[in-house]
Amino acid sequence: MMRRMLASIVLAAACCGAAAPPGLITVSGQLLDVASGFAYFTTGDAFRLSPHVRIVEAETGAPAVTPILPRTYARATFAPDGEIVELALSKTPLPEAESFRLVQRFAVSLSPTKPNPALAPPQPNAHGYLATYSGKPVLVTFMVRVPPTTPLTATVYMATDASGWNPEAIRLERVDALHFRIVERLRSGTVLRYLYTRGSLQSEERAENGLQRPPREVVISDATVRTIHDVVYRWADQSASGELPLPQTIPTPYNPAPFPNLPPGMPTPHPGR
Amino acid sequence: MPTIPAETMRRPALSFALALALATPVLHPLAAIADQAPVNPGVQTLRLEAARVRFYNDRWLLEADGDVHISFGALRIRGEAFSMDLKQDRFVVAGSVRLATPAGTYRGAAFSDFLDFRRCYLFAILAPGDEPDHWTFVDGDFAHPQKGLQMPGDAFALPNLAGASPDVTAHSAVVGTTAFVRFAHPLVRIAGMDVPLPSYYVSFSADPDLAQNSLAGANFDGTLNLTGDAHAISAVHLRYDTQNKGYLAVEQHLASKNAFAVFSINPLTRPSKFWNLVTGWQPSPRFSIRTFSQVHTFQYGLRQPLESSQFTAVQLTQALRQSFLQVNLQQVNYTMLAPSPTGYYGDPTHAFVPNHPSSVELGVTTFQHQIGRLPSYESLHYGAGFTHDVFGLQTYGGVTYSTIWNHYAGLTLFTSSLPLGDRHDPLKTYFFNATFAKQRQWFSVPHYIDTTDAVASLSRRFSNALTAYVAYEVNNTGDYYLQGGYGSYVPIVDGTPIYGFAAFHGVATLRTLSLGAAYQPNGEFSASLLLRKHDDFPQPYPGLFPPPPLNVLGESFTTNYLGQPPYDITGEVRARIAPRLSVDIQRTYFFNFGTLRWSPQFVIQVIPQ
Numbered sequence: 000m001m002r003r004m005l006a007s008i009v010l011a012a013a014c015c016g017a018a019a020p021p022g023l024i025t026v027s028g029q030l031l032d033v034a035s036g037f038a039y040f041t042t043g044d045a046f047r048l049s050p051h052v053r054i055v056e057a058e059t060g061a062p063a064v065t066p067i068l069p070r071t072y073a074r075a076t077f078a079p080d081g082e083i084v085e086l087a088l089s090k091t092p093l094p095e096a097e098s099f100r101l102v103q104r105f106a107v108s109l110s111p112t113k114p115n116p117a118l119a120p121p122q123p124n125a126h127g128y129l130a131t132y133s134g135k136p137v138l139v140t141f142m143v144r145v146p147p148t149t150p151l152t153a154t155v156y157m158a159t160d161a162s163g164w165n166p167e168a169i170r171l172e173r174v175d176a177l178h179f180r181i182v183e184r185l186r187s188g189t190v191l192r193y194l195y196t197r198g199s200l201q202s203e204e205r206a207e208n209g210l211q212r213p214p215r216e217v218v219i220s221d222a223t224v225r226t227i228h229d230v231v232y233r234w235a236d237q238s239a240s241g242e243l244p245l246p247q248t249i250p251t252p253y254n255p256a257p258f259p260n261l262p263p264g265m266p267t268p269h270p271g272r
Numbered sequence: 000m001p002t003i004p005a006e007t008m009r010r011p012a013l014s015f016a017l018a019l020a021l022a023t024p025v026l027h028p029l030a031a032i033a034d035q036a037p038v039n040p041g042v043q044t045l046r047l048e049a050a051r052v053r054f055y056n057d058r059w060l061l062e063a064d065g066d067v068h069i070s071f072g073a074l075r076i077r078g079e080a081f082s083m084d085l086k087q088d089r090f091v092v093a094g095s096v097r098l099a100t101p102a103g104t105y106r107g108a109a110f111s112d113f114l115d116f117r118r119c120y121l122f123a124i125l126a127p128g129d130e131p132d133h134w135t136f137v138d139g140d141f142a143h144p145q146k147g148l149q150m151p152g153d154a155f156a157l158p159n160l161a162g163a164s165p166d167v168t169a170h171s172a173v174v175g176t177t178a179f180v181r182f183a184h185p186l187v188r189i190a191g192m193d194v195p196l197p198s199y200y201v202s203f204s205a206d207p208d209l210a211q212n213s214l215a216g217a218n219f220d221g222t223l224n225l226t227g228d229a230h231a232i233s234a235v236h237l238r239y240d241t242q243n244k245g246y247l248a249v250e251q252h253l254a255s256k257n258a259f260a261v262f263s264i265n266p267l268t269r270p271s272k273f274w275n276l277v278t279g280w281q282p283s284p285r286f287s288i289r290t291f292s293q294v295h296t297f298q299y300g301l302r303q304p305l306e307s308s309q310f311t312a313v314q315l316t317q318a319l320r321q322s323f324l325q326v327n328l329q330q331v332n333y334t335m336l337a338p339s340p341t342g343y344y345g346d347p348t349h350a351f352v353p354n355h356p357s358s359v360e361l362g363v364t365t366f367q368h369q370i371g372r373l374p375s376y377e378s379l380h381y382g383a384g385f386t387h388d389v390f391g392l393q394t395y396g397g398v399t400y401s402t403i404w405n406h407y408a409g410l411t412l413f414t415s416s417l418p419l420g421d422r423h424d425p426l427k428t429y430f431f432n433a434t435f436a437k438q439r440q441w442f443s444v445p446h447y448i449d450t451t452d453a454v455a456s457l458s459r460r461f462s463n464a465l466t467a468y469v470a471y472e473v474n475n476t477g478d479y480y481l482q483g484g485y486g487s488y489v490p491i492v493d494g495t496p497i498y499g500f501a502a503f504h505g506v507a508t509l510r511t512l513s514l515g516a517a518y519q520p521n522g523e524f525s526a527s528l529l530l531r532k533h534d535d536f537p538q539p540y541p542g543l544f545p546p547p548p549l550n551v552l553g554e555s556f557t558t559n560y561l562g563q564p565p566y567d568i569t570g571e572v573r574a575r576i577a578p579r580l581s582v583d584i585q586r587t588y589f590f591n592f593g594t595l596r597w598s599p600q601f602v603i604q605v606i607p608q
């Protein structure tokens, strides 16, 4: 009799959406598995299923036709004794019901939980700053000072590991004679590796000692905006006395006149009298 | 009566019996392998097979569902679903998980491996009816699970893929952790269509050497990485540029810890082909070698070339304490074909050019040093070298020089971002920058070349999105002969003598006033405008100076050339058109300089991000 009453309550709850009758708790989550009388959620919690658990479609409340597969979203209704009495299934995320914290006392695990020192909350640094990584979008401004030998007509780009090191992936805008800037929207938690280029990896930035430098790396933490200042000391295609040729050019290694496009017919320099 | 509908449960009686059978080794794991070696943090190979394997390029997610089989080192894992965040270097297997390790076989609801942290987590299922357990495996020690150890909150997190469509679908994939993923016989989403391919490779390596490329720019480049691994990529490029139009190019990348090589043929399907080889090797932290070799052929298909030239550049760099030493060697063969009795091949546009000059230069560049306590910096460079061509490089005074020695010295000074105005309000602060570079190069032919470049700019940020600057540059090049030099010359253009040019005796001064503004409201859109006024000597005149060579994008190779139109304005817009794709459109207007108004064409680039 009691079981029938409970089932009726659960059915009513399903029909009315997520609102659970008094005494029952409803949470929404994503399933990993349902096996051996337990439901396993991606939160890492396992809950005991009532022997009389009802499995329904979340949208209609009708008996479920959605197979219980990993990734399935579910709204679980808990009886006061901690057993799940109803699982409402959906292929799409379900609106958040009550907090999982309310049902974590019902989570089962054979071994008692032992604290994990590696999961201790992060501590503020020496400046009192505590970096957090929630995935929120952060407007990040990259401001770079380029070598003074950079032509005023040059374009500067960023090549990143996220773009497969495409040397023209992110184009920067010139700020003045020595600075370029770009604003990117990155999610906090992003680890971005990047290098500045002038449009090809043959004209990528070099370390101050002229050698190839490892990619720059930045970890984006939670913030509203962030500005990163970088310095490029030199470009790979610039030697001490000029620029080295790039692919698909036929270079002239020696040009006796420093003017590449004098009028045709102009006499070459001569000793005169 | 149980109310679980039979069709909703995946585990019928047979599976249940199988689970019971499997429970025995779970409860009594095989003999443990003591002191298991820690997981290698380098590239490891993970082989994945499933009913459906999907790759989401914009999120670096590899997902699989249905009868998932994974082979990962000594582990064999089965499950119903698989999710791997390639960038975070971790994966989750969920649903009826069977984990076979050298230490034993375990069952669970889910298993995850956080590779960078050398931690594996198992949501263990023991005997039917028993409560599940949380096991953590540390450093690859599967014999001694740490039971009940608190796990990260996202140890078994699966991504929300609602509304996302995969870029690649297949039945199997090979992952080189931290480096690449390769699919066999996938369907790859190209221009909205699923195109079957024999193989497809995606690199997400943090090592830029594997991405070194030897291709020139293009308006559009669709890269198809056909296959590869942690040290190699074989790619086909579908490209478009304004000179060659649509064409194919091929590229082979190779990389190891301190070296790389990349070879390409670009375009492959046009007669004017460039065969490029770029290599780099850094045998020590203070020394590197880079080479660039290029063969240009003009040939239809792979038939006898009508042109064939070769260029090789070698650069050796040795880091010093406060400077670096660089040796640059270049060698060119303008024609590698046997001499033709007619002086050309096919038609006169493919002429025989016997010259094969070479040059060697040794130079030292010092680091940027602050000048006292001033906000200014200096850097010096100096060096020497020679150029040689047996057919002669220059004739002067009746003497043909086949070898010309030179030495040079230069100085660069700059001051960076001096704040002016209201320094407390960043939107009312002006920043002043100035650079000055001077070089003199002496030659064994009795002349020297002085180049001087001075730039000053003033910039201001008007809002977080809008910045503007004004810059003035004076570029002076003087070619001074100890005797004589450039004589007066009056060129004639369309019957009109240009008398003003007669004042040119080897000294040119290019003055450029620039006003630039950039608007960047967010990371998805940017627009910029650049107005320039040139006041040059010798003065430009339409048709007087040959136009500078343009690259395949329609841009000038050289930045400072004679004959720039007095006024130009360039507008550019870049917008993100897909999560990882941007389009860049640029065009210049020249304000009625002769017949020149608009630049030859829009420069349009579609750029993967």
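If you read the protein sequences in the order shown, they are chains H and R. Just so you know, we're using numbering that gives the first Met the number 0 here: the first sequence kicks off at 0 and counts up by one. Just so you know, we're using numbering that gives the first Met the number 0 here: the second sequence kicks off at 0 and counts up by one. Heads up, the beta-carbon is just placed ideally off N, CA and C, and yes, glycines get one too. Computed from a prediction, not measured in an experiment: that's the story for all the values here.
**Study point:** Y540 of chain R versus R184 of chain H - alpha carbon distance
**Key:** 46 Å
Exercise for review: Pull out every residue of the segment 172 to 183 of chain H whose Cβ sits closer than 8 Å to any Cβ of chain R, in chain order.
Suggested key: E172, R173, V174, D175, A176, L177, H178, R180, I181, V182, E183
Exercise for review: Report, in whole angstroms, the separation of the C-beta atoms of D221 of chain H and T131 of chain H, which I expect to be a contact under 8 Å.
Suggested key: D221 of chain H to T131 of chain H, Cβ: 5 Å. Contact.
Point to revise | Segment contact, 8 Å Cβ cut-off, at least three pairs: the segment 330 to 348 of chain R with the segment 362 to 369 of chain R | key: no
Practice item. Check each residue of the segment 466 to 483 of chain R: if its Cβ is closer than 8 Å to any Cβ of chain H, include it; give the result in chain order. Key: T466, Y468, A470, E472, T476, D478, Y480, Q482, G483
Review point. So what's A229 of chain R in DSSP terms, helix, strand or just coil?
Key: coil
Point to revise | Start-end ranges of the beta strand (DSSP E) lying completely within the segment 58 to 137 of chain R, minimum 3 residues | key: 60 to 71, 74 to 84, 89 to 100, 103 to 113, 118 to 123, 132 to 137
Review point. If you check the beta carbons only, do Y299 of chain R and P266 of chain R fall under 9 Å apart?
Key: no
Exercise for review: Check S263 of chain R in the structure and name its three-state DSSP category.
Suggested key: strand
Point to revise | Environment of H228 of chain H [buried if 16+ CB atoms lie within 10 Å] | key: exposed
**Study point:** Close-in-space but distant-in-sequence residues of the same chain around A350 of chain R (CB under 7 Å, 5 per side omitted)
**Key:** G342, Y343
Exercise for review: Run down chain H in chain order and give the residues with a C-beta less than 7 Å from the C-beta of L315 of chain R.
Suggested key: Within chain H, no residue comes near L315 of chain R; the closest Cβ sits about 10 Å away, beyond 7 Å.
Point to revise | Interface flag, T594 of chain R vs chain H, CB-CB below 9 Å | key: no
Practice item. Can you check the segment 178 to 229 of chain R for any beta strand (DSSP E) of at least 3 residues that lies completely inside it and give the ranges in chain order? Key: 179 to 183, 186 to 189, 192 to 195, 198 to 202, 219 to 228
Practice item. Mind checking who L253 of chain R pairs with in its DSSP beta bridge? Key: R:A231, R:A260
Review point. Does any C-beta atom of chain H lie closer than 9 Å to the C-beta of V52 of chain R?
Key: Answer no: the Cβ-Cβ gap between V52 of chain R and chain H never drops below 9 Å.
Practice item. Name the residue from H:A78, H:G43, H:T41, H:R70 whose alpha carbon lies nearest to the alpha carbon of R53 of chain H. Key: That would be H:A78, whose Cα lies nearest to the Cα of R53 of chain H.
Point to revise | Local Cβ density within 10 Å of I606 of chain R, reported as buried at 16 or more and exposed below that | key: buried
**Study point:** DSSP three-state assignment for P270 of chain H, whether helix, strand or coil
**Key:** DSSP places P270 of chain H in coil when its eight states are reduced to three.
Point to revise | As assigned by DSSP and simplified to three states, the class of A168 of chain H | key: Assigned with DSSP and collapsed to three states, A168 of chain H falls in coil, not helix or strand.
Review point. What three-state label does DSSP hand Y471 of chain R in the structure shown?
Key: strand
Practice item. Could you work out which residue in R:F286, R:A205, R:P197, R:T316 is closest to T612 of chain R when comparing CA atoms only? Key: Because chain R is modelled from 0 through 608, residue 612 of chain R falls outside the range shown and cannot be assessed.
Exercise for review: Count the other CB atoms, across all protein chains shown, that sit within 10 Å of the CB of A30 of chain R; report buried if there are 16 or more and exposed otherwise.
Suggested key: Bear in mind that a pLDDT of 29 at A30 of chain R, under 50, signals an unreliable position, so the number given afterwards is only what the model happens to contain. Looking at its Cβ environment, which holds fewer than 16 other Cβ atoms inside 10 Å, A30 of chain R is exposed.
Point to revise | Limits of the unbroken beta strand (DSSP E) element including A158 of chain H | key: 156 to 159
**Study point:** Anticipated Cβ contact below 8 Å, P92 of chain H with A254 of chain R, distance rounded
**Key:** Incorrect: roughly 41 Å between the Cβ atoms, too far for contact.
**Study point:** Cβ shell of L86 of chain H (< 7 Å), same chain only, five flanking positions each side left out
**Key:** A38, V52, I54, A73, A75
Exercise for review: Sort R:S164, R:G477, R:L247 by Cα distance to T451 of chain R and report the nearest one.
Suggested key: Closest by alpha carbon: R:G477.
Point to revise | At least three beta-carbon pairs within less than 8 Å, the segment 288 to 296 of chain R to the segment 307 to 320 of chain R | key: yes
Review point. By a C-beta neighbour count over all protein chains shown, 10 Å radius and 16 as the cutoff for buried, is L194 of chain H buried or exposed?
Key: L194 of chain H should be labelled buried.
**Study point:** DSSP bridge partner residues for N405 of chain R (one or two, in chain order)
**Key:** R:G384, R:F442
Point to revise | Per-residue DSSP class, three states only, for G484 of chain R | key: In the structure shown, G484 of chain R sits in a strand (DSSP, three-state: E or B).
Point to revise | Residue closest to F54 of chain R, alpha-carbon to alpha-carbon, out of R:T226, R:Q303, R:S82, R:I69 | key: Cα-wise, what sits closest to F54 of chain R is R:S82.
Point to revise | Backbone secondary structure at P123 of chain H - three-state DSSP | key: coil
Point to revise | Local Cβ density within 10 Å of N39 of chain R, reported as buried at 16 or more and exposed below that | key: Residue placement at N39 of chain R is poorly supported in this model, since its pLDDT is 48, which falls under 50; the coordinates still yield a value, given next. So N39 of chain R counts as exposed.
Check your understanding: R77 of chain R versus chain H: which residues are under 9 Å apart at the beta carbon?
Key -> The premise fails here: R77 of chain R is roughly 13 Å from chain H at the closest Cβ pair, so nothing lies under 9 Å.
Practice item. Would you check if the distance between the CB atom of Y395 of chain R and the CB atom of P268 of chain H is smaller than 9 Å? Key: yes
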